[in-house]
Amino acid sequence: MLYQCTYRSLAQQDSNISLHADETILEALTKHGVYTKKACINGACGICLMKLITGDIDYHGRTPRGLNSQEIADDYILPCIAKCRSDLTLLARPTTKSKNSAKK
Ligand code: FES
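In the UniProt record's numbering, the protein residues as written are 1 to 104.
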């Protein structure tokens with residue numbers, strides 16, 4: 001299944017990409033040349049954090065350990081382990097997340 005994603009960068013530029021349901025959002029963004037910060041690629045560090053504006057994602061049973069409860073409540077996601085379940089609109093996080101802020 002193929003979904004559409006609009007990703008808005010910090011420079012307020014939109015990238016419109018297609019995502020397969022079986023690839024992570026980070027894989028799809030990278031494949032389409034969209035630069036995003038990443039480190040652990042397993043949902044632990046939180047550096048890849050993005051805000052989900054519209055749409056649904058799924059972690060396939062994996063735990064987004066890099067998100068604290070407030071970030072989850074504020075609709076932030078970890079695209080390195082998230083897969084889309086509908087068309088999406090994503091927003092880049094306005095500040096760099098450090099390892100120390102990953103767990104609160
Ligand atoms: S790259 Fe570490 S949580 Fe996504």
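Positions of the beta carbon are idealized from the N, C-alpha and C atoms, including for glycine. It should be emphasised that the depicted structure is a prediction, and the values quoted were computed from it without experimental measurement.
Are the beta-carbon atoms belonging to C80 and L19 less than 8 Å from one another? no
Work out the CA separation of Y3 and K103 for me, nearest whole Å. Low per-residue confidence applies at K103: pLDDT is 45, beneath 50, and the placement is therefore not dependable, though the value from the model is reported in the following sentence. Straight-line Cα distance between these residues: approximately 31 Å.
Tell me the residue span of the alpha helix (DSSP H) that contains K31. 25-31
For a minimum of 4 consecutive residues, which ranges assigned as the alpha helix (DSSP H) are wholly contained in the segment 48-91? 69-73
Cut-off 6 Å between Cβ atoms - residues of its own chain near C5, not counting five sequence neighbours on either side: I17, L19, L88
First through last residue of the beta strand (DSSP E) which encompasses Q4: 2-8
For Y35, count neighbouring Cβ atoms within 10 angstroms of its own Cβ and tell me buried if that reaches 16, exposed if not. exposed
Distance check for M50 and Q12, CA to CA, integer angstroms please. 14 Å
Rounded to the nearest angstrom, what separates L90 and E23 at their Cα positions? 16 Å
So, is N100 buried or exposed, given that buried needs 16 or more other C-beta atoms within 10 angstroms? Unreliable placement is indicated for N100, whose pLDDT of 46 sits below 50; the coordinate value is still reported in the next sentence. Classification for N100: exposed.
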